Amino acid sequence: MGTVRKNRKGLDNSTLEAKLQKGEICSVQQQYMTFMKWRDQRDVLMISTCFGDGNVETGKDRRGNTKTKPKIIVEYNKGKQGVDISDQLSSYMSLRKSLVWYKKIAIDILCSTTVVNSHILYQTIVEKNMSLLQFTESVIRALLPSENNSPEVAVNIKRLKRHSILKLADNVDQTGKILRKRCHGCYMNLKKAV
Numbered sequence: 001m002g003t004v005r006k007n008r009k010g011l012d013n014s015t016l017e018a019k020l021q022k023g024e025i026c027s028v029q030q031q032y033m034t035f036m037k038w039r040d041q042r043d044v045l046m047i048s049t050c051f052g053d054g055n056v057e058t059g060k061d062r063r064g065n066t067k068t069k070p071k072i073i074v075e076y077n078k079g080k081q082g083v084d085i086s087d088q089l090s091s092y093m094s095l096r097k098s099l100v101w102y103k104k105i106a107i108d109i110l111c112s113t114t115v116v117n118s119h120i121l122y123q124t125i126v127e128k129n130m131s132l133l134q135f136t137e138s139v140i141r142a143l144l145p146s147e148n149n150s151p152e153v154a155v156n157i158k159r160l161k162r163h164s165i166l167k168l169a170d171n172v173d174q175t176g177k178i179l180r181k182r183c184h185g186c187y188m189n190l191k192k193a194v
């Protein structure tokens, strides 16, 4: 099932040339295939081997009249939903232009596509409406370590204790001059210069 271009070979000309009003359907069935033209805002050409040309109620308009769509269109939109979201998000790609193409694909699959697919699965299983941004933030929060048991904090505290600055007792020689050792970093730089 999918959309078809007008200039494709083998399509029925009578269906293609039919002038339709909004909501009207013109269809032809050949063996197991249905070719349909439906007018909404513009003409939509669909081809399907799964569904016929039947209509399905999709809700009501402001006046209370029932709205109907062809079953092919409804099923196509259900299947196309994830692809549409990915297409919309592709304009917001956060990849650097200097990356090699295969790295771009890997990062895109890991970051964008996986998050979109898991968001769709989450909404179908949990049945809770959550925006993609909120879902992404919750995934990031779950992946980051909590503040209480972060190993980085413990390591930094140990480093601070080991490398703390201490006031050394002044050593004074017989002339009254204060003797101090050279800084290790300065001493190494001095050795390199000589």
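Mapping to the working numbering: the sequence shown position 44 is 44, numbers consecutive.
Glycine included, every Cβ here is placed at the ideal spot set by N, Cα and C.
Since this is a predicted model, take the numbers as computed values, not measurements.
Alpha carbon to alpha carbon, what distance is there between L133 and L160?
Here the model assigns L160 a pLDDT of 48, short of 50, so the residue's position is not dependable and the matter cannot be decided.
Anticipated Cβ contact below 8 Å, D53 with S14, distance rounded
By a beta-carbon distance limit of 8 Å, D53 does not contact S14. Their separation comes to about 15 Å.
Measuring CB to CB, does M46 end up less than 8 Å from T3?
Taking C-beta atoms as the reference points, M46 and T3 count as a pair closer than 8 Å.
Range covered by the beta strand (DSSP E) that runs through R231
Because the chain spans 1 through 194 in this model, residue 231 falls outside it and cannot be assessed.
Enclosing alpha helix (DSSP H) for R39 [first to last residue]:
No alpha helix (DSSP H) holds R39; the beta strand (DSSP E) holding it covers 33–39.
Between the C-alpha atoms of A18 and E127, what's the straight-line distance to the nearest angstrom?
A18 and E127: Cα-Cα distance of roughly 42 Å.
According to DSSP, is T175 part of a helix, a strand, or is it coil?
Three-state result, T175: coil.
Taking the CB atoms as reference points, tell me whether R39 and E24 lie closer together than 8 Å.
yes
Please state whether DSSP places L11 in a helix, a strand or coil.
The three-state secondary structure of L11, taken from DSSP, is coil.
How big is the Cα-Cα spacing for L16 and Q30?
15 Å
Give me, in chain order, the residues of the same chain whose beta-carbon lies closer than 6 Å to that of T58; leave out the 5 immediate sequence neighbours on both sides.
The answer, listed in chain order, is K67, K69.
With 16 as the cutoff for other CB atoms within 10 Å, does M36 come out buried or exposed?
The residue is buried, with at least 16 neighbouring Cβ atoms inside 10 Å.
D108 to D61, Cα distance in whole Å?
39 Å
Please classify K192: is it buried, with 16 or more other beta-carbons within 10 angstroms of its beta-carbon, or exposed?
exposed
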